[in-house]
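Note that the working numbering gives residue 200 to position 199 of the sequence shown, counting from 1, and the numbers run on in steps of one. All residues carry an ideal CB built from backbone N, CA and C; glycine is no exception. Remarks on the structure that follows.
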Amino acid sequence: MSDTPRTAVAPESGRRGPAPARNGPRWLRPALVRIVLLTVLFLAVQALAAQLILPVMDRPLWAQTLGVGIAVLTLLLYAAMVRLTERRGVTELRVTALPLGLVGGSVLGVALFAAVIGIIAVLGEYTITGRGPVDGVMAAIGLMCAVAVIEEVMFRGVLLRVLEEVTGPWIALALSSVLFGAMHMANPGATLWTGTAIAVEAGLMLGAAYLLTRSLWLPIGLHLGWNLAASGIFGTAVSGVDHGETSVFTATASGPYLLTGGDFGPEASLTAVLVCSVLTVLFLLRFRKGSRADR
């Protein structure tokens, strides 16, 4: 059976994704079945990653090796499951999009978080107090590689992509973003506001990045860069989780909750919501333009 993509439009156009699964096993063709199966699978991978990496965060080389290794294995598992259930090439992980998507996206993610911190600092509510250990940064890199890849595979590679087959891109984007925010409500210090903030600033932005590029590399890069900036550079909590001394700088943040995000970290701030929303709008405008051109 042919393993070539079944889309009439090249994935790079950002207009349409892979066609619905019609060549896979009959019982796996319904979108809901694939969503449930793959989501459960990658939730298990996420739980296993936490069990393996978190206990060795004080051993940076182990944490980095395990984190990067789990990220690579997650991508290979995703590719294998797509081939098994949909009988197609995994165009959303095409190698040609990797350099710009992963590296460029990581740089952009760091820049976005730096912009958020910069605004908070200009208003006098973020102050660098010292330097953190290099070993801690290495551990953060490993952990965040695993986090970014697993969450993007699960929410953009599975939920958004497969939901789109049934609902179209806009409803799929909204639903996957809400679920992304809801998942983070299990984190320490989470509230309805923190879940909403993450759904808007991260769920919509990362989903829009996928819709525009039809590649997982840009969402992974953005997610990785953002998390590394938070935990590996600027020393803030990531979605309510403080990973300890894992950053280049140690710092203190104070001030109004909506400005700084309080103990949950800048992701709970209105500052982050507004900064990320600018990029989301730009992504969606380009996606909509490409969709219209394809009609």
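Self-check item: Integer Cβ distance of LEU283 from SER270, believed to fall under 8 Å
Solution: Here the question's residue 283 lines up with position 282 in the sequence shown. Here the question's residue 270 lines up with position 269 in the sequence shown. Not quite, the Cβ-Cβ distance comes to about 21 Å (not below 8 Å), so this is no contact.
Quiz item: So does the segment 46-56 actually touch the segment 66-84, counting three or more Cβ pairs closer than 8 Å?
Solution: Because the criterion of three Cβ pairs below 8 Å is met, the segment 46-56 and the segment 66-84 touch.
Exercise. Keeping to the same chain, check which residues put their C-beta closer than 6 Å to that of ILE298; ignore five residues upstream and five downstream.
Key: Since the first residue shown for the chain is 2 and the last is 296, residue 298 is missing from the structure and cannot be characterised.
Quiz item: What are the uninterrupted segments assigned as alpha helix (DSSP H) that are 4 or more residues long and contained completely in the segment 217-250, given in chain order?
Solution: Runs of the alpha helix (DSSP H) inside the segment 217-250: 218-229.
Self-check item: Start-to-end residues for the beta strand (DSSP E) that takes in ARG84
Solution: Residue 84 sits at position 83 when you count from the first residue of the sequence shown. ARG84 -> not in any beta strand (DSSP E); alpha helix (DSSP H) instead, spanning 61-87.
Exercise. Give every residue of the same chain whose Cβ lies closer than 8 Å to the Cβ of THR40, excluding the five residues on either side of it in the sequence, and list them in chain order.
Key: In the sequence shown, residue 40 corresponds to position 39, counting from 1. Excluding residues up to 5 positions away in sequence, MET155, VAL159 and LEU160 lie with their Cβ nearer than 8 Å to the Cβ of THR40 in the same chain.
Self-check item: Where the alpha helix (DSSP H) through GLY182 begins and ends
Solution: What you label residue 182 is simply residue 181 of the sequence shown in a count that begins at 1. From DSSP, the alpha helix (DSSP H) with GLY182 extends over 170-184.
Quiz item: From PRO134 to LEU85, what distance separates their C-alpha atoms?
Solution: What you label residue 134 is simply residue 133 of the sequence shown in a count that begins at 1. What you label residue 85 is simply residue 84 of the sequence shown in a count that begins at 1. Roughly 44 Å between the two C-alpha positions.
Practice problem: Let me know if TRP28 comes out buried or exposed under the rule of 16 or more other beta-carbons within 10 Å of its beta-carbon. | Solution: By one-based count along the sequence shown, residue 28 stands at place 27. When all chains shown are included, TRP28 counts as exposed.
Quiz prompt | Closest residue to ARG157 among SER292, MET139 and ALA203 (Cα-Cα distance) | solution = Residue mapping note: residue 157 aligns to position 156 of the sequence shown, counting from 1. For ARG157, the nearest C-alpha among the options comes from ALA203.
Self-check item: Given 8 Å, three or more beta-carbon pairs between the segment 244-251 and the segment 185-193
Solution: Too few Cβ pairs lie closer than 8 Å, so no.
Quiz item: Comparing alpha-carbon positions, which option in ILE234, SER292 and LEU207 lies nearest VAL274?
Solution: Residue 274 sits at position 273 when you count from the first residue of the sequence shown. Between VAL274 and the set ILE234, SER292 and LEU207, the nearest pair of CA atoms involves LEU207.
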